[in-house]
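Per my numbering, the sequence shown starts with residue 28, numbered consecutively. Note sheet for the following structure.
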Amino acid sequence: MTIDRRNALRLTSLAAAGAGITAGLAGAARAEDSRAGGGRPAARQLTLTGKRTAADIPDVLVPGTPYFVHYELRDADGTPVGTESAECTPVTVGPDGALVLASLVLLLGDGMITASTAFQRPLPAVTEVLVAPRRWSHVFAVTGGTGAYDAAAGSVTIEHLSREDDVLTVDLD
Numbered sequence: 028m029t030i031d032r033r034n035a036l037r038l039t040s041l042a043a044a045g046a047g048i049t050a051g052l053a054g055a056a057r058a059e060d061s062r063a064g065g066g067r068p069a070a071r072q073l074t075l076t077g078k079r080t081a082a083d084i085p086d087v088l089v090p091g092t093p094y095f096v097h098y099e100l101r102d103a104d105g106t107p108v109g110t111e112s113a114e115c116t117p118v119t120v121g122p123d124g125a126l127v128l129a130s131l132v133l134l135l136g137d138g139m140i141t142a143s144t145a146f147q148r149p150l151p152a153v154t155e156v157l158v159a160p161r162r163w164s165h166v167f168a169v170t171g172g173t174g175a176y177d178a179a180a181g182s183v184t185i186e187h188l189s190r191e192d193d194v195l196t197v198d199l200d
């Protein structure tokens with residue numbers, strides 16, 4: 028079996044998401060134990076900007092046919108801090124867009140955050156134009172993490188500013 032770059036990225040994303048879900052379930056149990064003992068983790072917010080470096084979004088979305096996106100992430104000072112990768116699968120496609128299931132992996136210098144969602148995506152013809160792109164956003168539920176994000180819970184809001192740029196707001200409980 029030959030594995031090309033796109034399939035390797037998909038396999039890596041899926042493996043990381045699976046590991047994150049498993050870590051998230053174990054971490055949630057540990058977090059619940061610590062809360063029962065009176066300790067509550069402090070809330071934390073990260074704001075990151077992303078620049079798309081790879082994607083295989085088709086011109087026509089087809090139910091069941093996945094696509095991926097990959098972004099390089101920077102902090103508020105413009106310092107590179109990691110990557111954002113998402114594996115997305117349209118479930119239904121209609122004239123107003125597509126219902127998409129997505130798994131997100133944020134690989135940061137101090138750990139990994141995994142998240143998932145189902146969201147309504149405008150069709151690529153509307154969002155992928157180079158001139159006057161349509162801004163849109165969606166929210167992911169954090170499913171877990173590793174390193175500094177062990178037992179992570181919360182949400183990731185992604186605002187797509189243009190075809191190449193997005194802003195992530197990570198709200199951790």
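Just so you know, even glycine gets a beta-carbon here, dropped at the ideal spot from N, CA and C.
| Check | Outcome |
| --- | --- |
| Would you be able to state if there are at least three C-beta pairs under 8 angstroms between the segment 173 to 190 and the segment 138 to 145? | yes |
| Which residues in the same chain have their Cβ closer than 7 angstroms to the Cβ of Lys78, if we skip the five residues on either side of it in sequence? | Tyr98, Glu99, Glu191, Asp192 |
| Considering only their Cβ atoms, is the gap separating Arg101 from Leu199 smaller than 8 angstroms? | no |
| Counting along the chain, where does the beta strand (DSSP E) carrying Arg161 start and finish? | First-last for Arg161: undefined, no H or E at that position. |
| Report the residue ranges of all alpha helix (DSSP H) runs contained in full by the segment 74 to 157; include only those spanning at least 4 residues, in chain order. | 151 to 154 |
| Distance, Cα to Cα, Thr74 vs Gly105? | 11 angstroms |
| Which class does Ala168 belong to by DSSP, given the choice of helix, strand or coil? | strand |
| To which residues does DSSP link Gly181 through a beta bridge? | Val169, Leu199 |
| Of all the options Val169, Leu188, Ser189, which has the alpha carbon lying nearest to the alpha carbon of Ala180? | Val169 |
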